[in-house]
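To start, the structure under review is shown below, and the notes come after it.
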Amino acid sequence: MESGSSPTMIEAVDLEKSFGAVGAVRGVTFSVRQGEVLGFLGPNGAGKTTTFRMLAGTLSPTQGRVAICGYDIASQPLQAKSRLGYMPENALLYPELSAREYLSYRAELKHITRSERDRAILRASEQAKIGTMLDTRIAHLSKGYRGRVALADALLGSPPVLLLDEPTAGLDPNQVLEVRALIASLREEHAILISTHVLSEVEATCTSALVIHKGKVVEQGPLDALRQRQKGARLKLVVQATVSSLGSTLGPLLARLSPRDAAKVRIFQREGQSHALLPSADESLVAEAVRLCVAAGLAVLEVTPQRRALDDVFAALTTSQTADEVTASIEAQ
Amino acid sequence: MSGLLPTFKRERKGLWVTPLAWVLLVTFLLLQGGIFYSITVHFSKMEGAALESGPLNAYFGQQSLLMAMTLLLLCPSLTMRTLAEERRTGNIELLLSAPVSPSAIVLGKYAGVYLSYLLIWLPTGLYAFILRDTGSLHLPTLASGYLGIALVGVSHLSIGLLMSSMARSQLVALLLTSTCLFGIFVLGIGEYIFDDGILRDISGYLSLTTLLEECSKGVIDSRRIVLHLSVGAWALFVTSRIVQSWRHA
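Chains as they are written, first to last, in the numbering used here: chain E, 223 to 555; chain U, 3 to 251.
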């Protein structure tokens, strides 16, 4: 999805998965390059976990193919899987083992040699911040720590591809920040795919996003492009005036807008101030709006060009509402 | 077959760090100890008992019905968690995403369970030690008695693993395996019910009690070895295919 010379590490082509007559995933195609962090977004039941399972090789697609570092996961599963670190959402791990024993077992499964094993465990546990808990039985760990043990498992041996299903679920805010920082630090040398419901996480950690809805990709691309494609930019203007005087002041400006954009303009009173939301935030519009207000003697309290929040884009893509309707409904609350 | 060794070690350790194996071991040894004690007391009251009918022969052979019942309890209990628990906990996702083949997973788990089975039987070797000075100990016969136990383990544990792969709960796996093994056991009893003919031959071939009785006397029938090894190989093959098919679920 991102141009560049970095090699493609994850390639999903026309992935389909049906459970009986129900199509869980339908024609999903995307790729992730080294250095890219792709946020995999979608509401519950959209097909995120099914897609992740197909990418990890634990579920075979009804149609389509997956390649990890160029190795087809169906015909060369061992080569593909040895380049993959997978953190599933709900695995309970083995409660009777300590974190160290568990990671040692997993390292051996991943063919990390005995001489490298201790070093790999130490590195992964430091990255996942579980160093102090290594000798604690998994049964005695909190949900957050268990998630971090699973994260350390995915990081074992530093595989070039990381599939992280809800990596910050159950973590406290500080731990969330740590994991985000970790993902940012891993970005250079890995291709990372993150499934999450937390849109702020995508904004904070991902270079691009893919939105899946009812098994189909409804949008994908770099985050900024995604927002722009949803015609996200707006101008928020707050002045010390009545709604009618603000409306009449901005009249010449509104007359220049297309009928469609003019219909989207909203002027309302809130906490004694008049707010105007204009459906564009280009520089000339901002300058013109401020000039008109100043010329009319209105005190301009706030001028904020607003980018469309990813939440609005996500809601618009996965509901029948438009992004503007979503924004309006959020603001009305 | 990469991944077999770590799966084997994990299975072996996973069983013995839970109370299950220890409860099984204690129950098993109490049961076997009671049987051995009653046999020994019985023989101590007999004068001039012949070598071939010594206490250990009786332990493996003449009490084969008790032995068979013990095996019907032991094998399903050992295998019930192997694959069913991995699926229930979702850890199968981790296992299948590792660079390990389904055959390695199945064989590793089987080897782990089989070793545990042998370890559970190991303390009964003390019975031979106790009887070493009685003149009733005949090592080749003792070895063939244990061979019978080992053979039963090959087939029964593989069937248990197969049933565990077909269930998502340990309890269901236990019930499936018990039902299956009990069915085979009942088929073997047909040896004493049917008149001469093919049905009786088949029942005799399948009979668990006859196998244990023959082995306790030092009689090793290669047909029975082939049967149990074949059942074991078939069940493990099918289990591997089932694990493979989970990708298509």
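Using N, Cα and C, we set each Cβ at its ideal position, and we do this for glycine too.
Where residue i sits in the DSSP three-state scheme
{"i": "residue 308/E", "result": "strand"}
{"i": "residue 512/E", "result": "helix"}
{"i": "residue 433/E", "result": "strand"}
{"i": "residue 4/U", "result": "coil"}
{"i": "residue 259/E", "result": "strand"}
{"i": "residue 444/E", "result": "strand"}
{"i": "residue 527/E", "result": "strand"}
{"i": "residue 352/E", "result": "coil"}
{"i": "residue 136/U", "result": "coil"}
{"i": "residue 56/U", "result": "coil"}
{"i": "residue 219/U", "result": "coil"}
{"i": "residue 296/E", "result": "coil"}
{"i": "residue 30/U", "result": "helix"}
{"i": "residue 244/U", "result": "helix"}
{"i": "residue 522/E", "result": "strand"}
{"i": "residue 19/U", "result": "coil"}
{"i": "residue 271/E", "result": "helix"}
{"i": "residue 9/U", "result": "helix"}
{"i": "residue 69/U", "result": "helix"}
{"i": "residue 276/E", "result": "helix"}
{"i": "residue 180/U", "result": "helix"}
{"i": "residue 412/E", "result": "coil"}
{"i": "residue 227/U", "result": "helix"}
{"i": "residue 227/E", "result": "coil"}
{"i": "residue 249/U", "result": "helix"}
{"i": "residue 318/E", "result": "coil"}
{"i": "residue 147/U", "result": "helix"}
{"i": "residue 555/E", "result": "Summary for residue 555/E: the model assigns pLDDT 43, below 50, so the residue's position carries little reliability; its value from the coordinates is reported in the next sentence. Three-state DSSP puts residue 555/E in coil, outside helix and strand."}
{"i": "residue 165/U", "result": "helix"}
{"i": "residue 540/E", "result": "helix"}
{"i": "residue 506/E", "result": "helix"}
{"i": "residue 345/E", "result": "helix"}
{"i": "residue 232/U", "result": "helix"}
Opening and closing residue of the beta strand (DSSP E) in which residue i lies
{"i": "residue 48/U", "result": "Careful: residue 48/U lies outside any beta strand (DSSP E) and carries neither H nor E."}
{"i": "residue 230/E", "result": "230-241"}
{"i": "residue 391/E", "result": "Unbroken run through residue 391/E: none, as it is neither H nor E."}
Beta bridge counterpart(s) of residue i as assigned by DSSP
{"i": "residue 489/E", "result": "498/E"}
{"i": "residue 457/E", "result": "500/E and 527/E"}
{"i": "residue 245/E", "result": "240/E"}
{"i": "residue 387/E", "result": "417/E"}
{"i": "residue 193/E", "result": "No answer is possible for residue 193/E: it lies beyond the span of chain E, which begins at 223 and ends at 555."}
{"i": "residue 462/E", "result": "521/E"}
{"i": "residue 253/E", "result": "233/E"}
Bounding residues of the alpha helix (DSSP H) (the contiguous stretch that carries residue i)
{"i": "residue 206/U", "result": "200-208"}
{"i": "residue 375/E", "result": "365-377"}
{"i": "residue 285/E", "result": "Segment 285-290 is the beta strand (DSSP E) holding residue 285/E; no alpha helix (DSSP H) there."}
{"i": "residue 358/E", "result": "It is not in any alpha helix (DSSP H) - residue 358/E carries neither H nor E in the DSSP assignment."}
{"i": "residue 328/E", "result": "321-331"}
{"i": "residue 474/E", "result": "473-478"}
{"i": "residue 403/E", "result": "395-408"}
{"i": "residue 62/U", "result": "That residue, residue 62/U, is in no alpha helix (DSSP H); it is neither H nor E in DSSP."}
{"i": "residue 428/E", "result": "Neither: residue 428/E is in no alpha helix (DSSP H) and is coded neither H nor E."}
Residue i: CB within 7 Å of a non-hydrogen atom of the ligand NAD
{"i": "residue 115/U", "result": "As presented, the structure is devoid of all ligands, the ligand NAD included, so that no description of it is given."}
Chain-ordered residues of the stretch 9-31 of chain U with a beta carbon less than 9 Å from chain E
9, 11, 12, 15, 16, 19 and 20
Counting only Cβ-Cβ distances shorter than 9 Å, please list the residues of the stretch 99-111 of chain U near chain E, keeping chain order.
99, 100, 101, 102 and 103
Which residues, in order along the stretch 378-391 of chain E, keep a beta-carbon less than 7 Å from a beta-carbon of chain U?
none
Beta carbons nearer than 7 Å to chain E: which residues of the stretch 228-243 of chain U have them?
none
Could you name the residues of the stretch 304-320 of chain E whose beta carbon sits closer than 8 Å to any beta carbon of chain U, in the order they occur along the chain?
304, 306, 308, 310, 312, 313, 314, 315, 316, 318 and 319
Just list the alpha helix (DSSP H) runs in the stretch 71-143 of chain U, keeping only unbroken ones of 4 residues or longer that don't cross its boundaries, in chain order.
86-91, 93-99, 104-123 and 127-132
When you check each C-beta in the stretch 328-340 of chain E against every C-beta of chain U, which residues fall closer than 9 Å?
328, 329, 330, 331, 332 and 333
At a CB distance below 8 Å, what residues from the stretch 264-298 of chain E approach chain U? Give them in sequence order.
275, 278, 279, 280, 281 and 282
Using Cβ-Cβ distances below 7 Å, what residues of the stretch 452-481 of chain E are close to chain U?
none
Scan the stretch 83-97 of chain U for residues whose Cβ lies nearer than 7 Å to a Cβ of chain E and list them as they occur along the chain.
91, 92, 93, 95 and 96
Using a Cβ cut-off of 7 Å, which residues of the stretch 162-193 of chain U contact any Cβ in chain E, in chain order?
none
Got a sec: which bits of the stretch 129-158 of chain U sit with their beta carbon under 9 Å from any beta carbon on chain E, in order along the chain?
none
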